[in-house]
Every structure is written in structure tokens, then in C-alpha cells.
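First the structure, in the form of C-alpha cells, and then the observations on it.
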Amino acid sequence: MAHPVLADKTLSAFAEDVRLGLTRSPQKELPSKYLYDAVGSALFDVITVLPEYGVTRAEERVLVAHAGELARLVPQTSLVAELGSGSGRKTRRILESLAVRRPVTYCPIEISPAALHQCERALGDLERVSVAGYAYEYLDGLKRVVDERRRPDERLLVMFLGSTIGNFRRLAAAHFLRDVRHLMRPGDALVLGADLLKPEPVLIDAYADPTGVTAAFNLNLLGRLNRELGADFDLREFEHVARFDPVARAIEMHLRSRRDQTVTIEAADCTVHFKRGETIWTEASHKYTLDDIAHLGDVAGFDLTAQWTDAEWPFAETLFVAR
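One point on numbering: in the numbering used here, the residue at position 151 of the sequence shown is 142, and numbering is uninterrupted.
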């Protein structure tokens, strides 16, 4: 059961983020982290198995093929922290490979309590692996892991899988990885997953599937505002849109108003006016080249140790070591 003070603080921050985002001009926006409530997390799990969305399957193929090699390259690791673990399905093979050498403490860090619980349950059966979840945002959770779990002589492996780094604008991604590096010691390792640049039609299909699951995932964010913040969005009056920005090399998700309308968000103490065709930006997923990834790690204070790719769906898993 959530602590009432913590729950109130979290709800207050949610309301403030919504108020600031929906009153922003010229582009209204909502932070993508709020897409992942219990409903959103379940819908995203469905997205990962859609034929149009190859990211998750590509990463799983890379990790299955190279988990043993990765474990050999970080032989002293006994503490693993994963930023945004989700269900933890992709992490299993890495933990199994690491635990062959020594017992491992695995700390999934996940803002969604539902996803965190699922991860703890799914990986709780691994031999020689202790699971201790942290329901925090990335950096807050990582700091707690380091402060509470790390022994003086212990090597840390931080995992940031999927294509989540792509949700950051490029400069923000570099700053974020630098902040992660500041919580690590020289010799600690980082595994970074990143989706690679591919033809625009392929990207559009991946983020606007014909089945409509991604649309439901995106629209659920407005449903969450209704459920948790007392908003009065009519979800039928908004539509999901996916766009590719060739300059930023990013696919963007928006929610577009079908008509002129006014929405009230009670807990955020604001009323928002929408013109027909106006959008709310909800997520961007930047796509990388292999050189982009190497440069990103370098400016954040890491050396590139290994890089593995999937040929079927261009995706890269990169192992960095903190210098």
C-alpha cells in the first residue's frame, strides 16, 4: 500500500507537470513518463509484440546472443541497477549469465508500481539473484541503490535498455548520461540500448500501427488525467498522430484535437482551450547511428567496450565502462 504522504506528493507533482505542460505555448505537451500507469504499461506490453514494432524483439535477440559475452566483459559485477525495468523480461538472460560467476543483487528502478511489481514477480525465481525494486524516477532510484545497496568494493552495472534514451532530446540525453556517470565509479559499466535510424515509413508504422494499439496507449494518457486528476477530456474528440522529424531524426507522438474545445483539469486547477487541429506532444523517440551512440557515451565520461547490433531490425546494444 502506498504511503499517503508519498502518494499526495506524487499526485501533486503530476498535477503541476500537467498544468505547466498544457499551458505551454506554442506547443502543448505532457511528459512521456506519465504514459505508463497500469493500463499504459499493459498496452505497451502489447505494442512490443506487434509485427510493426521491432524494437523489443531486436533487443531480445541481441541480449540472448551476447549475454554471455557481456557477463565475461564485466566479471566483477554483483550489483545491477536497471533504469526503467518494465516487466524485466529482457533482463533475465543477462542476470542468469552474471549469476554463473557470483551472486547478484538486481535493483529494478521503475516509476510504474504495476510494472515494478510484475518485474519483481517475474525475476524472483532466478537462482543466485536477489531482487529489490525501487519505485522512483531514474536518477533518484539509482542514487538510492548506490547509497543503500553498494558495498565499498562492489562493481556496479547500470542497464538502460529498450530505446528509452531516445525519449530524451539529444542534448538532454548527454546531460542525463553524465548525471548517471556521476553516480558511478571508474570501472563501473553501463549497458545502453538505442534504436537505430531506419526509413521513415518503417518508423511511422511502428508508432501508428494499423491495429490501433499505439493509439489506445497514447489516448490512455488523457484517460489517466480524467481518472487521477479529475479532468474532463472526451477521448473521442482526440486522435493519435505519429510524425517523423527528419532534422531531429525523431518520431513524435501527438494527440490532436478534432474540434475547438475546452477541458478542465480539476487537480491542476486549470482550464485549457484547444483549437481544432491543435496537438499535445506526448513523446519523441530519437533514432541514432552507431557513431552517435559512441559520441554520446564519450561526452558523458564513458569508454566504449563493445557494441552489438541486430540485422533484422536495426538496433544497438552498447557496453560502456566509466572512466
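Beta carbons are placed, not taken as given, at the ideal position from N, Cα and C, and that holds for glycine.
Taking only three categories from DSSP, how would you classify residue i?
| i | result |
| --- | --- |
| Phe224 | coil |
| Pro167 | First, the amino acid is wrong: residue 167 is Phe here, not Pro. Here Phe167 sits in helix by DSSP. |
| Asp380 | The structure shown does not extend to residue 380, since the chain spans only -8 to 314, so no value can be given for it. |
| Val30 | helix |
| Gln109 | helix |
| Gly116 | It should be pointed out that residue 116 corresponds to Asp in this sequence rather than to Gly. Reduced to three states, the DSSP call for Asp116 is coil. |
| Ser3 | helix |
| Phe229 | strand |
| Arg146 | strand |
| Ala291 | helix |
| Thr68 | strand |
| Arg247 | strand |
Determine whether the beta carbon atoms of residue i and residue j lie at a separation below 8 Å.
| i | j | result |
| --- | --- | --- |
| Leu220 | Phe5 | yes |
| Trp272 | Glu20 | yes |
| Leu86 | Tyr97 | yes |
| Met150 | Leu74 | yes |
| Asn158 | Ala275 | yes |
| Leu64 | Ala239 | no |
| Gly58 | Arg93 | First, the residue type needs correcting, since residue 58 is Ala and not Gly in the sequence shown. Not in contact: Ala58 and Arg93 (Cβ atoms no closer than 8 Å). |
Let me know if residue i comes out buried or exposed under the rule of 16 or more other beta-carbons within 10 Å of its beta-carbon.
| i | result |
| --- | --- |
| Ser76 | buried |
| Thr255 | exposed |
| Asp301 | buried |
| Pro99 | buried |
| Glu101 | buried |
| Lys81 | buried |
| Arg215 | buried |
| Thr202 | exposed |
| Glu50 | buried |
| Val193 | exposed |
| Ala291 | buried |
| His324 | Beyond the ends of the chain as shown, which are -8 and 314, falls residue 324; an answer cannot be given. |
Looking only at DSSP bridge pairs, what is residue i linked to?
| i | result |
| --- | --- |
| Ile242 | Phe235, Ser276 |
| Pro99 | Glu73 |
| Ala262 | What sits at residue 262 in the sequence shown is Thr, not Ala. For Thr262, which the question treats as bridged, DSSP gives the partners Thr255. |
| Gln298 | Thr309 |
| Lys19 | Ile271 |
What separation, rounded to the nearest whole angstrom, lies between the Cα atoms of residue i and residue j?
| i | j | result |
| --- | --- | --- |
| Leu210 | Val91 | 43 Å |
| Gly153 | Leu187 | 11 Å |
| Arg146 | Val120 | 15 Å |
| Leu181 | Tyr198 | 27 Å |
| Glu269 | Leu246 | 8 Å |
| Ala62 | Arg160 | 31 Å |
| Thr47 | Asp283 | 21 Å |
| Asp196 | Phe208 | 15 Å |
| Gly178 | Val171 | 14 Å |
| Tyr316 | Phe306 | Outside the displayed range of the chain (-8 to 314) lies residue 316, so it cannot be described from this structure. |
| Thr155 | Val312 | 19 Å |
| Asp223 | Phe229 | 12 Å |
| Leu13 | Glu139 | 37 Å |
| Ala126 | Leu11 | 24 Å |
| Ala123 | Ser248 | 42 Å |
| Leu281 | Thr253 | 45 Å |
| Arg169 | Ala163 | 10 Å |
| Leu295 | Arg227 | 47 Å |
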